[in-house]
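Residue numbers (the UniProt record's numbering): 1 to 141. First up is the structure itself, then whatever we jot down about it.
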């Protein structure tokens, strides 16, 4: 134990780097719980949609949605979500999968949904880019 303390004191930079890396690993593991949403891949999202009646919430901008969206997705832009959250009230008992372009904005949307009492909230990992990467279809208006 004395040698470990001596090593840490002599190599403080390496010790700091170790704890930084461990902290980042812990954050990436715990972040979905902090934001209130479990991250799901496209295959799991399809299962939730087909077998549990999940609702897809697309929080991208209007111009992004024009390029294609998941079939039957409800579009509420991220910046309007708090104001339009009542549109989702009838779906409160169903799983909701939040989607954006890459999965970052939808994480914030999940936090808003959880704050408003939605319990079964999921974030589509990789967003629409991941959905397309899994060769899953999009529809255009």
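Glycine included, C-beta positions come from ideal geometry on N, C-alpha and C. For clarity, every value in this text was computed on a predicted model and none was experimentally measured.
At the level of alpha carbons, what is the spacing between residue i and residue j?
i	j	result
residue 119	residue 59	18 Å
residue 67	residue 78	17 Å
residue 12	residue 25	20 Å
residue 138	residue 92	25 Å
residue 49	residue 62	23 Å
residue 135	residue 42	10 Å
residue 9	residue 19	14 Å
residue 90	residue 5	58 Å
Which word fits residue i, buried or exposed, when buried means at least 16 other C-beta atoms lie within 10 angstroms of its C-beta?
i	result
residue 131	buried
residue 133	exposed
Throw me the rounded Cβ distance for the residue i and residue j pair, which I believe falls under 8 Å.
i	j	result
residue 128	residue 101	6 Å
residue 124	residue 45	5 Å
residue 71	residue 96	Contact flag wrong, Cβ pair sits at about 16 Å.
If you run the structure through DSSP and keep just helix, strand and coil, what is residue i?
i	result
residue 57	strand
residue 116	coil
residue 72	coil
Is any beta-carbon of chain B found at less than 9 Å from that of residue i?
i	result
residue 112	Among the chains of the structure shown, chain B does not appear; only one protein chain is present.
Might you give, ordered along the chain, the residues of its own chain that have their beta carbon closer than 7 Å to the beta carbon of residue i, omitting 5 neighbours on each side?
i	result
residue 140	68
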